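Numbering (mature numbering (1 follows the signal peptide of the UniProt record, and there is no 0)), first residue to last: -19 to -1, 1 to 126.
C-beta atoms are modelled at their ideal positions from N, C-alpha and C, and glycine is treated no differently.
Because the structure is a prediction, the values reported are computed rather than measured.
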């Protein structure tokens, strides 16, 4: 093998090795670390123009997570309602046996939202039985960081 062939093989091997490492980083993160970030969207509302929603999930040393949720009822209130609590991970739940769902519980232990991770790191709202909500409305909170 020529020097050019050896150099090409070495470069190709290092690129493949680096690509393999970057994919494993996400797989090796805890589910709490994967959810860490900020999300925004406007969710449907039965008696208002929508609920402007801002969610921040904070990873706590990969052993748990907390959240802060700011919800503003459009056309009714200028001031957001703030809810804080813990994020629980539910595995293999609902009629579709989703591998993982994030359940947001407030300080009193009440479930606020069940969120299914979807493409691009976004979260989709599920019902209380961990089922998809059949609606043409936007039920997704977009990851913003």
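Practice task
Kindly indicate which three-state DSSP category residue 88 falls into: helix, strand or coil?
Solution key: Looking up residue 88 in the chain shown gives position 107. Residue 88 falls in the coil class under three-state DSSP.
Exercise for the section: Note the first and the last residue of the continuous beta strand (DSSP E) segment covering residue 46. Expected result: The sequence position of residue 46 within the chain shown is 65, counting from 1. Start and end: 46 to 54.
Problem - residue 57 - containing beta strand (DSSP E), residue span - result: As a position in the chain shown, residue 57 is number 76, starting the count at 1. From DSSP, residue 57 is part of no beta strand (DSSP E); its letter is neither H nor E.
Practice task
Measure how close the beta-carbons of residue 83 and residue 68 come, nearest whole angstrom, since I'm counting them as under 8 Å.
Solution key: Reading the chain shown from its first residue, position 102 is the one you call residue 83. Reading the chain shown from its first residue, position 87 is the one you call residue 68. In this structure residue 83 is in contact with residue 68, their Cβ atoms being roughly 5 Å apart against a cut-off of 8 Å.
Practice task
Please state if the CB of residue 93 and the CB of residue 56 are separated by a distance shorter than 8 Å.
Solution key: Start at 1 with the first residue of the chain shown, and residue 56 comes out as number 75. Start at 1 with the first residue of the chain shown, and residue 93 comes out as number 112. In this structure, residue 93 does not lie closer than 8 Å to residue 56 by Cβ.
Practice task
Just mark residue 90 as buried or exposed, buried being the case when its beta carbon has 16 or more other beta carbons within 10 Å.
Solution key: Working through the chain shown from its first residue, we reach residue 90 at position 109. Residue 90 should be labelled exposed.
Practice task
Assign residue 114 to buried or exposed, taking buried as 16 or more other Cβ atoms, counted over all protein chains shown, within 10 Å of its Cβ.
Solution key: In the chain shown, counting from the first residue as 1, residue 114 sits at position 133. The residue in question, residue 114, is exposed, as its Cβ has fewer than 16 Cβ neighbours within 10 Å.
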